[in-house]
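What follows is a short report on a single structure.
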Amino acid sequence: MEHTLALSHGTLSWDDYGSHRAAITLVLLHGFPHDRSLWAAQVATAAEAFPDTRLLVPDLPGFGRSSPLPSASMDAYADVLEPMLDTAGVERAVIGGLSMGGYIAFAFWRRHAARVRALLLMDTKAPADTDAAREKRLQLIATIQGHGVGAVVADMLPAQLGQTTRRDNPALVERVEVMLRRAPASGVTAAAQALMDRIDSTPTLGTITVPTLVIVGDEDTTTPISDAIAMSAGIPGSRLVTIPGAGHLAPLEQPTIVNAAIAEFLDVAVR
Ligand code: MLT
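The structure is reproduced here in structure tokens:
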């Protein structure tokens, strides 16, 4: 069921699946430049894949049906999640994020640790942007401002999906392309600026005291396995699962394997 909350900057929109009495609430944060449909494969099978679990799946500000923030940052994205949890009546949730969603999960941990029951970090990494990455973000912003989001999609797509998906699953490639194309230009440019300004989360890793699962596609070239290994090594007691045949969008590319890994983590480490 969709919920919309009026905040001082505009509205936040999310889907709420499962019982309010479920033992666990799992928040799923999409990456850049996605929307809540990134989690279609988790939502579609939630009742069987994640029993006794409630899912909260927002559009981050500036994406999907959520209003843009006046000044986007990882902290500001993280802060809108607190009123969502309050409205949902959830004290502590498992915070799951993919790529930019993972950077936001780190910010949420730094700012609202008491609301975090566990972390699920998917196809993401801890360090800040390098100078070269910042340069690419500036070029992306300039291209979008001049020609619209459509002008950057062809370049972005190969970095989103692994070679297996690109070879064997044209329907999924098309769905992801449609998702990228409908991202609002203002939301994408604001997020690109926020991404290049984000702080290094490496010092945060050692502060994490909740159960943490790291998931990475073995064909992810955007946040590769080496990043996931370094991240997991820095988080005390965390577990790392590598997903065969998946790129940067592992939960969408190999949902059966990813869902099983999440379900086992929720059962063994969280419940
Ligand atoms: C994402 O999927 O969120 C992006 O790849 C993050 C980034 O560009 O750093």
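When we follow my numbering, the leftmost residue of the sequence shown carries the number -8, and every step to the right adds one. Ideal Cβ placement from N, Cα and C applies to all residues, glycine included.
Asked                                                                                                                                                 : Found
Near Leu51, what residues of its chain come up, given a Cβ to Cβ distance below 6 Å and the 5 sequence neighbours on each side ignored?               : Tyr68
Report yes or no: do three or more beta-carbon pairs, one from the segment 3 to 17 and one from the segment 128 to 141, lie closer than 8 Å?          : no
In angstroms, rounded to a whole number, what distance separates the CA positions of Glu126 and Glu255?                                               : 40 Å
So, helix, strand or coil for Pro49, using DSSP?                                                                                                      : strand
Measuring CA to CA, which of Gly236, Gln245, Arg230, Ile234 is closest to Leu257?                                                                     : Arg230
Let me make sure I understand the geometry here. Which of Leu47, Phe99, Ala109, Arg108 has the alpha-carbon closest to that of Ala79?                 : Leu47
Quick check on Pro115: does DSSP put it in helix, strand or coil?                                                                                     : Note that residue 115 is Thr in the sequence shown here, rather than Pro. Coil, per DSSP.
How should Gly153 be labelled, buried or exposed, when 16 other C-beta atoms within 10 angstroms of its C-beta is the threshold for buried?           : buried
May I ask you to report which of helix, strand or coil DSSP gives Gly1?                                                                               : strand
Anything with a beta carbon under 5 Å from a heavy atom of ligand 2 counts; list them all in chain order.                                             : This structure does not include ligand 2; its bound ligands are ligand 1.
Is the segment 200 to 208 touching the segment 177 to 185, taking contact as three or more C-beta pairs under 8 Å?                                    : no
Three or more C-beta pairs closer than 8 Å, one from the segment 208 to 219 and one from the segment 190 to 197: is that the case here?               : no
Within its chain, find whatever has a CB closer than 7 Å to the CB of Leu110; leave out the 5 residues flanking it on each side and keep chain order. : Ile86, Ala96, Trp100, Ile199, Val201, Thr203
Which of helix, strand or coil does DSSP assign to Arg157?                                                                                            : helix
Terminal residues of the continuous alpha helix (DSSP H) containing Gly137?                                                                           : 122 to 138
Relative to the C-alpha of Asp114, which residue among Arg128, Gly93, Ala31, Ala98 is closest?                                                        : Gly93
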